[in-house]
Every structure is written in C-alpha cells, then in structure tokens.
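Participant:
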Amino acid sequence: MRLLKYGEDGELTITSFDDNAIPPYAILSHTWGADTEEVTFTDLTKSSGKDKPGYKKIRFCGEQASKDGLEYFWIDTCCINKENQAELSLAIDSMFRWYRNSARCYVYLADVSSQTSNTNLEPSSSNLYSAGILTRFDASSPYQIFVARKLELLAPSVVEFFSREWCKLSDKISLKSNIHKVTAIPYEALEGAPLSQFSVEERFQWRQNRHTKLKEDAAYSLSSIFDVDIAPVYGEGGEEAFRQLHNKIRKQGECRQKREECLRDLYATDPRKDKKRIEETKGGLLADSYR
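Straight run, no breaks: the sequence shown in numbering that gives the first Met the number 0 ends on number 290.
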C-alpha cells in the first residue's frame, strides 16, 4: 500500500508499505473531476501536478490528517498506478480493507459550501440529497474503485464530511439515522457489523440509486460488499459484469456450504468407524494412531 506524506520542506512524498508495517493513516472519499484535473501516480513520480485543480484535495487531506495527528494519508487518484492492470485489480480487491483500516475517512464535498444556508447540516436533517451529502456517494467515475461510495460509508469506523472550504459539516454517527433512511443500509452495518451477517438479497438492496459512468462499475463496485474477487474487464458490458458477480457469489456460497457439511461430518463421525475404515483401506498402517 502506498501512502502520502508532506515532508518538513512541504514537499509531497509517496511511500510503499508492506501489509504488516502500515502506519496509521487518513483516507479520502471524493468525487473525481475530469481526468486532466486529477493528480495521478505518474504526476507524483515526476514531481508534477501541483497546478491541477485536484491538488487542492491532496492539500486538504494532508492538512486535515495533520490536525488529527496523522502523518500519512491515502487518495485513490494518485496512490494507485492505474496503468498497471494487475495493480488495479489488486487495489479493487483491497479497497474495503484499506477503508476499514483507516484511522479516519474524510468525505470532501467539492460542490457543497459551508457558507450557504442549505448546507447547515443538523443530525435531524432529512434532506441529505439536496445538501450534497449522499449524492457524492453515487457520483460517476472512470473506475469502479472510485464509485463505491457506499463502501466508504460502511468500511471506516470514523467518517467525516467536509465542505469545499475545508469546514467540517458532520459525521457518520451524527447522520446515521438519515443515512439509513436514504440508503437502506442497516444501522448494524453502519456501526461496523460484519457484512457476512446480512443476506445476499439485503446487500443487493444497498446498490439502489447508484449511477456509474461505466456500466460494468455497477457490478464491480459490489465485490467488496460480498467479499468476492472480480477481475475487471472493461468492455464486457454491465449485464456480463453482473453475471460474473452473481457467479462468484454463488460459488462462494457453495464452498461455504461444503465446508459446513464437512465440519458437521467430522463432528458426527464415530472415531471407531474411522479406525476401521482406515485399517481396511490402508492395510492397518495407521491402526496405532487410534490406540
């Protein structure tokens, strides 16, 4: 996993960490601008991109992380080399874990101003869509990993919403009731309960109101919610992508059922019968194992 950090000289650096040595970090949820506006991994390797509009989000995340006592932070636009298909696939598979393990998730709402009256968000507010809080989670984006905004509601324990002026608007806990009403995500899931305890049908309901720029992304973005691995094949179409997702979920269910049946058989088996069977099939070579 690559993480960003501002050095004492104010320069932005990017560092790779092994999974067992990742320091505490903040993570950014945001709406992608045009491809030419976002700072990419290639830009960072060339020490360029500061003149791009998307650099403002990097500065925000870095400064807010520093205020929260975090030295490192992660942003999807520039921490993943999307030109490397293998790395992109690995990032998709790792996304839920990266968000879940973050110390804080900052939701940057570039089109929401804290200076206008309709963005004065109170915990009791029910008009989250017009305020821009929940529409950001359904924003279109060129890659699956940047559209799974509901994943960013589910995975991190701390989620905070910020205006384009970098002012904190609210947080997931304060808006939990409203988020539940709008997204149909159960309170337990928002509070960090394992997603496996929710049925497949229930988890599929969470995808309602999601719009993606690429049809395949509507399916790929659900892979983490179902804990399945999907290799993205852009161009296969939305129908085929969903067929691939359903097949993965079905096979996962079959494997889980077989494991459960195997465990039941092991617990129900009489050891004396096992001894007799082994002696008969192995010529008694393991007979002493049961004495």
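A virtual CB, placed ideally from N, CA and C, is assigned to each residue, including glycine.
Give me the Cα-Cα distance between Phe-40 and Leu-11, rounded to the nearest whole angstrom.
Facilitator: Each residue's alpha carbon lies about 12 Å from the other.
Participant: Under DSSP, the alpha helix (DSSP H) around Phe-225 begins and ends at which residues?
Facilitator: Taken as a continuous stretch (DSSP letters only), Phe-225 belongs to no alpha helix (DSSP H), as it is neither H nor E.
Participant: Classify Gly-9 as helix, strand or coil using the three-state DSSP reduction.
Facilitator: coil
Participant: Could you name the residues of the same chain whose beta carbon sits closer than 6 Å to that of Ser-15, not counting the 5 residues immediately before and after it, in chain order?
Facilitator: Arg-1
Participant: When the Cα of Cys-61 is compared with those of Pro-231, Lys-51, Glu-164 and Lys-4, which residue comes out closest?
Facilitator: The question names Cys, but residue 61 is Gly in the sequence shown. With distances taken between Cα atoms, Gly-61 lies closest to Lys-4.
Participant: To the nearest angstrom, report how far apart Tyr-233 and Asp-226 are at their CA atoms.
Facilitator: 20 Å
Participant: Exposed or buried, Val-106, counting other C-beta atoms within 10 Å across all chains shown (16 or more means buried)?
Facilitator: buried
Participant: Applying the 10 Å Cβ sphere with the 16-neighbour rule, what's the burial state of Thr-44?
Facilitator: exposed
Participant: Please name the residue or residues paired with Thr-35 in a DSSP beta bridge.
Facilitator: Partner(s): none; Thr-35 has no beta bridge.
Participant: Could you check which residue in Gly-68, Tyr-24 and Leu-153 has the C-alpha nearest to that of Leu-221?
Facilitator: Leu-153
Participant: Please list the terminal residues of the continuous alpha helix (DSSP H) segment that includes Glu-62.
Facilitator: 54 to 66
Participant: Just the Cα atoms here: how many angstroms apart are Leu-168 and Lys-257?
Facilitator: 48 Å
Participant: First and last residue of the beta strand (DSSP E) that includes Cys-104?
Facilitator: Note, Cys-104: beta strand (DSSP E), 103 to 107.
Participant: If we call anything under 8 Å between Cβ atoms a contact, is Ser-223 one with Leu-150?
Facilitator: yes
Participant: Could you tell me which residues DSSP pairs with Tyr-24 in its beta bridges?
Facilitator: Tyr-71
Participant: Out of curiosity, what's the CA-to-CA distance linking Glu-235 and Ser-112?
Facilitator: Straight-line measurement puts the Cα of Ser-112 at about 39 Å from the Cα of Glu-235.
Participant: My output table needs one value for Tyr-142: the three-state DSSP class, helix, strand or coil.
Facilitator: A caution first: Tyr-142 carries a pLDDT of 34, below 50, which makes its placement in the model unreliable, though a value can still be read off. DSSP places Tyr-142 in coil when its eight states are reduced to three.
Participant: Please report the distance separating the alpha-carbon of Pro-185 from that of Ser-198.
Facilitator: Just so you know, the alpha carbons of Pro-185 and Ser-198 end up roughly 12 Å apart.
Participant: Thinking C-beta only, is Pro-155 closer than 8 Å to Arg-99?
Facilitator: With a cutoff of 8 Å on beta-carbon distance, Arg-99 and Pro-155 are scored as near each other.
Participant: Using the rule of at least 16 other Cβ atoms within 10 Å of the residue's Cβ for burial, across every protein chain shown, is Leu-89 buried or exposed?
Facilitator: Per the 10 Å Cβ criterion, exposed.
Participant: Within this structure, are the beta carbons of Thr-182 and Trp-205 separated by less than 8 Å?
Facilitator: yes
Participant: Take the Cβ of Gly-191 as the centre, count every other Cβ of all protein chains shown within 10 Å, and call the residue buried at 16 or more, exposed below.
Facilitator: exposed
Participant: Would you tell me roughly how many angstroms separate the C-alpha atoms of Ala-188 and Asp-42, rounded to the nearest one?
Facilitator: 37 Å
Participant: Just verifying my parser: in three-state terms, what is the DSSP assignment at Phe-16?
Facilitator: Coil at Phe-16, not helix or strand.
Participant: Could you check the C-alpha separation between Lys-55 and Cys-254 for me, to the nearest Å?
Facilitator: Lys-55 and Cys-254 have their C-alpha atoms some 46 Å from each other.
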